[in-house]
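J.: Residue numbers (my numbering), protein chains in the order written: chain Y, 296 to 609; chain L, 296 to 609; chain B, 296 to 609; chain X, 296 to 609.
Beta carbons are placed, not taken as given, at the ideal position from N, Cα and C, and that holds for glycine.
My questions will all concern the structure given below.
Protein chains: 4
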Amino acid sequence: YTVTEVKTQVGAYLIGIGKKAFDIRKIGALDGIQDIHIVSDEYKLVSKKWKVKPTSIDLGDGIAIKDGDMAIITGPCSIESEEQIVKVIEHMKENNLTMMRGGVFKPRSSPYAFRGLGMEGLKLWYRLAKEAGIKIVTEVMQVSQIEEMYDYVDVFQVGARNTQNFNLLDELGKADKAVLIKRGISGTIEELLQSAEYVFSGGNEKLILCERGIRTYEKASRNTLDLNAVPILKSKSHLPVVVDPSHGIGIREFVPQMALAGVMAGADGIIYESHENPDKAYSDGQQTLNFAQSSLLAEQIRKIFAMRKTFDLL
Amino acid sequence: YTVTEVKTQVGAYLIGIGKKAFDIRKIGALDGIQDIHIVSDEYKLVSKKWKVKPTSIDLGDGIAIKDGDMAIITGPCSIESEEQIVKVIEHMKENNLTMMRGGVFKPRSSPYAFRGLGMEGLKLWYRLAKEAGIKIVTEVMQVSQIEEMYDYVDVFQVGARNTQNFNLLDELGKADKAVLIKRGISGTIEELLQSAEYVFSGGNEKLILCERGIRTYEKASRNTLDLNAVPILKSKSHLPVVVDPSHGIGIREFVPQMALAGVMAGADGIIYESHENPDKAYSDGQQTLNFAQSSLLAEQIRKIFAMRKTFDLL
Amino acid sequence: YTVTEVKTQVGAYLIGIGKKAFDIRKIGALDGIQDIHIVSDEYKLVSKKWKVKPTSIDLGDGIAIKDGDMAIITGPCSIESEEQIVKVIEHMKENNLTMMRGGVFKPRSSPYAFRGLGMEGLKLWYRLAKEAGIKIVTEVMQVSQIEEMYDYVDVFQVGARNTQNFNLLDELGKADKAVLIKRGISGTIEELLQSAEYVFSGGNEKLILCERGIRTYEKASRNTLDLNAVPILKSKSHLPVVVDPSHGIGIREFVPQMALAGVMAGADGIIYESHENPDKAYSDGQQTLNFAQSSLLAEQIRKIFAMRKTFDLL
Amino acid sequence: YTVTEVKTQVGAYLIGIGKKAFDIRKIGALDGIQDIHIVSDEYKLVSKKWKVKPTSIDLGDGIAIKDGDMAIITGPCSIESEEQIVKVIEHMKENNLTMMRGGVFKPRSSPYAFRGLGMEGLKLWYRLAKEAGIKIVTEVMQVSQIEEMYDYVDVFQVGARNTQNFNLLDELGKADKAVLIKRGISGTIEELLQSAEYVFSGGNEKLILCERGIRTYEKASRNTLDLNAVPILKSKSHLPVVVDPSHGIGIREFVPQMALAGVMAGADGIIYESHENPDKAYSDGQQTLNFAQSSLLAEQIRKIFAMRKTFDLL
């Protein structure tokens, strides 16, 4: 058995990996050992075999992402300007929405495309969001950004191209801040859980998993939203799971249906793109809702979730 | 322009395929021409560009599969015995379910696996279903079966391995009987519509499309249920769309969530597997609901669909 | 153990499928039992675990497809006219090519596309090929065609859309004629072998496997030619394996490289499309070689294969 | 038109991106403009539409990776010990091999797996390789490693999980050192070229592209080696292309065939894993050749490449 010692912001764990059978009670009875479990999964600390009780990710001010609740996260693909932020925040306040997404560092396939407003944009956004009591979810792309972004972020998002950027995951493990990890562009469910294990074993237990569509041969949609992943992730892990229908289908008029489908599949939250004028958005306009659509969707998500809670589902 | 003349059980159409632009009003004004449309899709008669109004598939006795309604089709993977059929029918009557699925000819990867009860099973099933006022949905695997099955079937199902069996599609075009076409194992949305076009242009307009999961790299589920396909198919075609969550995820305990997700994605029906004792089913037991689960699901589908109807979705 | 009795044109076999361990020598010693093997694969009679010696497919007149030799099969996508056939045959004679491919029944995604010259075309082709001492490889699409095509065909080809058309495979099992089975559009290597098992267990041992590219997310080529499949198939089965670079990449100028790569991957034959004037071909022109390219390729295939034979490869 | 100014270690370029047509001769005639091209691809500077002549990557001491030559890069998955390095170098010297691969920073799906010897291992390796006149190819995983690794590396490798780690690519653009970029785990050919464009436009023209297999539904091999990518990349870009058959198939006994297939597909180099005792390797043993196999393969690659040079291929 090789034993790894993990200390997180919450507790201390010993992970023993090996093949020999032994009587776990012998270890369980040792001084200082509180609890012991056998976890056959490749991932250990994020597994439901180790911790059955769902983990709640508390963002402060009574805002949380957790099982039994429905988090709604919305906002533009890219943070573009003060005016734009103000408009989105107004829209959110009107709809009692408290978690805002937006990119200030944008991963782009082409080096010649818009790469985001950077730290300046983030600071501006932070000031406005803070005043409004709104939490910030935004992508971190590299290790060196963690520190500079730290004070202005409520949830660090790890994008689909960085799901297996292990150095980034290691460093986020040291941060005392929630991390939302998107499934890789063609990542397996197993790999997503392993990536979460990286952050957890690095010390940070505040993790949220996100299904955002996978790459398949089908080109009628931008990605193939794999809603199967929702009940599977919920059954394998104690971490909350959110669904991103905007990237999942990539077609504006179908985002609401897919969001609602995500709720019924068992998601603990929905993250979707909205903008005052999607056709003028700097990026992702084709999959971004306008405010009227967004208000309607938020209402529908709440209604459908209220009904789901009355159902006896796994 | 190459012109194909299509005569169906409902009407007569001329399909002109070519690239030159012309004034369609000139043709529209000719004697005997009722209506004329330009359809840029590769498929023509199944396209919504040609016919905007949704097509209703009437199975008689007030039973239909159509937009604005929620068809629930259930039953075992394989028809196994008289006792089994009786049990399923009882379960269906208790839940006001009127469309029963089941296989008598089973496509199996291995030549040594159970291949179904064949015509004898179908006749037995037909007698019992007829008495109960229940409609039969069952797979036809080859041209020669169409005629022998004809009198005992309400909906011919084309399985995922036969979606591009063009001879079978051609011959089903001559049948005056509804046809439910499953998407190919790795079929595109476009190919599914082209396959429907085969049957339609062969003369049969009574078509239902079915999303049942596609093959991807992800192996945590049997297939990847592509619910994106539902709104996309509904926007491209006037034909009703049903979702098969049993094959779509392949894991019993998650079938209900995925069925409900399918409803919210916009499906006109759900087709799922049920059996008195799934663990003893001849095939697909791992994805088959027992009767208690099936009753609960049917009720949930109806509730969620009733709520969906109050929403303003595309 | 469930036991299936298989009688082929060559021998009689008993396939016992089950899980209990027993001493195979006890059965091996019974009267009339010549040989006995344990085959852990799902497929049995096509497995190398059952028969180590490579199977040679003899087409008569000293023409064969077999391990240790390099079959070159060429010809147009579709048989179009007498003149076209004559031209191809002349080209083949000049290059000592003896196996000609061509379609008379064409599977087409759209019902409005050219579907081939049918039996008339086949009879014409047969007359000309017979005179020239050339063997015919052509696709059979449905059960009813087997009988009418029988006298005019040397190798029945099962197309990628029919790899799991189990009724067709069953019936081809009764034919005393070679069958070339293409891998399904997104078929696994395992499924291809299972499909071969269908034909073999139906009675026909004369089988050839064909890798022709699979469907993936990559759209820069028509399909993704999976040359990994060649050594894997060769190691799992005693049947010969041919590679189709024309469908495998779908881009004319790269067909030669991929053909040669197929030879080095261990193929027993190459099947590629050629035409006097590819740009005027009724179908697949974009991936079809002209005669100059074809002559050059045939020469290169032979040279590279001669070198491969001097190598010590698996 | 948005214009980006690019200065590399070799030259200065202006990239104008936009849609309006104009007479390029007007710009071409301006003072200081040496040459001007229209490039319709998304990538610009790595495109063959901009530079037809193949780029040669010179590593010093007469060692290069380039079109018209056959680079052979071999070595273990992980650098393990001084003894191991010495053994590999001996093996390489015996076979006139001059480029050695090996990992000191290992990306691993699980946080509990061996992550490599790090800088200490690299320095040890560098000392031994330098003495032997052997060039070092090794993976860099994050921005902060570039500087510390710089003096000990001849070719920085970007692994399949980092192909779209845009910050890493940006920073490698500032390094005056060759970079080998592997195709992403499910990366498209287009994305690989865009990633190369990142490094090039960052200032570094010394780029090598690598096909290493993609993720598909087929699980009989570790990845699906996409040899189609070789002629396609060679036709789209002026950069050299190498093939990694070890990761491409993942099965030791089939690595040689796939390497040779890669040569015939048109590769400019082969990179494969070798180890004195593959079964005891810390990682990837199942796809690693022993020295006898490696010697034989190097010889076969050279023979087959010599024959390829006599062929008239694209």
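Runs of 3 residues minimum, wholly inside the region 517-545 of chain L: which ones carry the beta strand (DSSP E) assignment?
T.: 536-538
J.: According to DSSP, which residues form a beta bridge with Y/Gly468?
T.: The sequence position of residue 468 of chain Y within the first sequence is 173, counting from 1. DSSP output for Y/Gly468 lists no bridge partner at all.
J.: Say whether the region 567-579 of chain Y touches the region 298-305 of chain L, bearing in mind that this needs 3 or more beta-carbon pairs closer than 8 Å, one atom from each stretch.
T.: no
J.: Do the CB positions of X/Ala366 and X/Gly564 come within less than 9 Å of each other?
T.: Working through the fourth sequence from its first residue, we reach residue 366 of chain X at position 71. Working through the fourth sequence from its first residue, we reach residue 564 of chain X at position 269. Result yes, Cβ atoms of X/Ala366 and X/Gly564 sit closer than 9 Å.
J.: Since X/Leu354 is in the beta strand (DSSP E), which residue starts that stretch and which ends it?
T.: By one-based count along the fourth sequence, residue 354 of chain X stands at place 59. Counting along the chain, the beta strand (DSSP E) containing X/Leu354 begins and ends at 352-355.
J.: Can you give me the Cβ contacts of B/Gly416 inside the same chain, cut-off strictly under 6 Å, excluding the 5 residues immediately before and after it?
T.: For the purposes of this step, residue 416 of chain B is identified with residue 121 of the third sequence, where counting begins at 1. Excluding positions up to five away in sequence, the list reads Ile374, Val399.
J.: Distance check for Y/Ile333 and Y/Ile322, CA to CA, integer angstroms please.
T.: Along the first sequence, one-based indexing puts residue 322 of chain Y at 27. Along the first sequence, one-based indexing puts residue 333 of chain Y at 38. Whole-angstrom Cα-Cα distance: 12 Å.
J.: Where does Y/Gln452 sit, in a helix, a strand or coil, going by DSSP?
T.: Counting from 1 along the first sequence, the entry for residue 452 of chain Y is found at position 157. DSSP, reduced to helix, strand and coil, places Y/Gln452 within a strand of the structure shown.
J.: Can we say the region 509-521 of chain B touches the region 336-345 of chain B, given the rule of at least three CB pairs closer than 8 Å?
T.: The region 509-521 of chain B vs the region 336-345 of chain B: no contact.
J.: Within 9 Å (strictly less), CB to CB, does B/Arg403 reach chain X?
T.: By one-based count along the third sequence, residue 403 of chain B stands at place 108. B/Arg403 does not count as touching chain X.
J.: Just the chain B side, please: which residues come within less than 9 Å of Y/Arg510 by C-beta, in chain order?
T.: To locate residue 510 of chain Y, count along the first sequence from 1; it is residue 215. Residues of chain B passing the Cβ test: Tyr512.
J.: Compute the Euclidean distance between the alpha carbons of Y/Arg597 and Y/Ala560, then round it to the nearest angstrom.
T.: Residue numbering aside, residue 597 of chain Y sits at position 302 when the first sequence is read from its first letter. Residue numbering aside, residue 560 of chain Y sits at position 265 when the first sequence is read from its first letter. Rounded to whole angstroms, Y/Arg597 to Y/Ala560 spans 14 Å at the Cα level.
J.: Please list the partners that B/Thr519 has in chain X, where partner means a Cβ-to-Cβ separation under 8 Å.
T.: In the third sequence, the residue the question calls residue 519 of chain B occupies position 224. The answer, in chain order, is Ile509, Thr511, Thr519, Asp521, Asn523.
J.: Under 8 Å, with one C-beta from each stretch per pair, do the region 340-356 of chain Y and the region 499-508 of chain Y reach the 3-pair mark?
T.: yes
J.: Under the three-state reduction of DSSP, which class applies to B/Met394: helix, strand or coil?
T.: Here residue 394 of chain B refers to the residue found at position 99 of the third sequence. Strand, per DSSP.
J.: Any beta carbon of chain X sitting closer than 9 Å to that of Y/Val453?
T.: Within the first sequence, the letter at position 158 stands for residue 453 of chain Y. Not closer than 9 Å to any Cβ of chain X, the Cβ of Y/Val453 fails to qualify, so no.
J.: Identify whether X/Glu568 lies in helix, strand or coil by the three-state DSSP scheme.
T.: Taking the first residue of the fourth sequence as 1, we reach residue 568 of chain X at position 273. Note: X/Glu568 maps to strand in three-state DSSP.
J.: Suppose contacts are defined by Cβ-Cβ distances below 9 Å. Is B/Ala470 in contact with B/Ile441 by that definition?
T.: Within the third sequence, numbered from 1, the residue matching residue 470 of chain B stands at position 175. Within the third sequence, numbered from 1, the residue matching residue 441 of chain B stands at position 146. Cβ distance < 9 Å, so B/Ala470 and B/Ile441 count as in contact.
J.: Exposed or buried, what is L/Tyr296 when buried is set at 16 or more other beta-carbons lying within 10 Å of its beta-carbon?
T.: What you label residue 296 of chain L is simply residue 1 of the second sequence in a count that begins at 1. Exposed: under 16 other Cβ atoms inside 10 Å.
J.: So with CB distances below 8 Å, who are the chain L contacts of Y/Phe586?
T.: Here residue 586 of chain Y refers to the residue found at position 291 of the first sequence. Counting only Cβ-Cβ distances below 8 Å, Y/Phe586 has no contacts in chain L at all, with the closest Cβ about 15 Å away.
J.: Roughly how many angstroms separate the alpha carbons of B/Met602 and L/Lys315, rounded to a whole number?
T.: To locate residue 602 of chain B, count along the third sequence from 1; it is residue 307. To locate residue 315 of chain L, count along the second sequence from 1; it is residue 20. When rounded, the distance between both Cα atoms is 53 Å.
J.: Hey, quick one: how far does the beta strand (DSSP E) through L/Gly605 stretch, first residue to last?
T.: What you label residue 605 of chain L is simply residue 310 of the second sequence in a count that begins at 1. In the sequence under discussion, the amino acid at residue 605 of chain L is Thr, which differs from the Gly named in the question. Counting along the chain, L/Thr605 falls outside any beta strand (DSSP E), though it belongs to the alpha helix (DSSP H) covering 586-605.
J.: So, do the region 462-477 of chain X and the region 432-449 of chain X have three or more beta carbon pairs nearer to each other than 8 Å?
T.: The answer is yes - the region 432-449 of chain X touches the region 462-477 of chain X, with three or more Cβ pairs under 8 Å.
J.: In chain order, what residues of the same chain lie with their CB nearer than 7 Å to the CB of X/Glu434, ignoring the 5 residues before and after it?
T.: For this step, residue 434 of chain X is matched to residue 139 along the fourth sequence. Only Gly398, Phe400, Gln452, Gly454 meet the Cβ criterion.
J.: Please return the same chain residues whose Cβ sits closer than 6 Å to the Cβ of X/Trp420, not counting the five positions on each side in sequence.
T.: Residue numbering aside, residue 420 of chain X sits at position 125 when the fourth sequence is read from its first letter. So the list reads Ile374, Ile380, once near-sequence residues are dropped.
J.: Straight-line CA distance for B/Pro402 to B/Lys477?
T.: For the purposes of this step, residue 402 of chain B is identified with residue 107 of the third sequence, where counting begins at 1. For the purposes of this step, residue 477 of chain B is identified with residue 182 of the third sequence, where counting begins at 1. Cα-Cα distance, rounded: 14 Å.
J.: Along the chain, where does the beta strand (DSSP E) containing Y/Glu506 start, and where does it finish?
T.: Reading the first sequence from its first residue, position 211 is the one you call residue 506 of chain Y. Unbroken beta strand (DSSP E) run through Y/Glu506: 502-506.
J.: Have a look at the DSSP bridge pairing and note the partners of L/Tyr308.
T.: Sequence index remark: in the second sequence, residue 308 of chain L carries index 13 (1-based). Among the bridge pairs identified by DSSP, L/Tyr308 is matched with L/Val301.
J.: So, at 7 Å on beta carbons, what are the nonlocal neighbours of Y/Leu666 in its own chain, with the 5 sequence-adjacent residues on each side left out?
T.: As displayed, chain Y neither begins before 296 nor continues past 609, which places residue 666 of chain Y out of reach and without an answer.
J.: Using beta carbons (cut-off 9 Å, strictly below), is X/Asp579 in contact with chain Y?
T.: Here residue 579 of chain X corresponds to residue number 284 of the fourth sequence, with the count starting at 1. No - not a single Cβ of chain Y is within 9 Å of the one on X/Asp579.
J.: Just the C-alpha distance for X/Ser541 and X/Met394, rounded to the nearest angstrom, thanks.
T.: In the fourth sequence, the residue the question calls residue 541 of chain X occupies position 246. In the fourth sequence, the residue the question calls residue 394 of chain X occupies position 99. Computed Cα separation, rounded: 16 Å.
J.: Under DSSP, the beta strand (DSSP E) around Y/Gly370 begins and ends at which residues?
T.: Position 75 of the first sequence, counted from the start, is the residue given in the question as residue 370 of chain Y. Looking at the DSSP string, the run of the beta strand (DSSP E) that includes Y/Gly370 is 366-370.
J.: Using alpha carbons as the reference points, say which of B/Met436, B/Val448, B/Lys344, B/Ala524 lies closest to B/Gly557.
T.: As a position in the third sequence, residue 557 of chain B is number 262, starting the count at 1. Per the Cα distances, B/Ala524.
J.: List the residues of chain Y that L/Gln595 touches, going by C-beta distances under 7 Å, in chain order.
T.: For the purposes of this step, residue 595 of chain L is taken as the residue at position 300 of the second sequence. Near L/Gln595 (Cβ distances below 7 Å), the residues of chain Y are Phe606.
J.: What distance in whole Å lies between the Cβ atoms of L/Arg396 and L/Gly357, which are believed to be in contact at a cut-off of 8 Å?
T.: Residue 357 of chain L sits at position 62 when you count from the first residue of the second sequence. Residue 396 of chain L sits at position 101 when you count from the first residue of the second sequence. The Cβ separation is near 19 Å, so there is no contact.
J.: Compare the Cα-Cα distances from Y/Thr590 to each of Y/Val305, Y/Gly311, Y/Leu325, Y/Ile384 and report the closest residue.
T.: Mapped onto the first sequence, residue 590 of chain Y falls at position 295. Inspection of the sequence shows that residue 590 of chain Y is occupied by Ser rather than by Thr. Between Y/Ser590 and the set Y/Val305, Y/Gly311, Y/Leu325, Y/Ile384, the nearest pair of CA atoms involves Y/Ile384.
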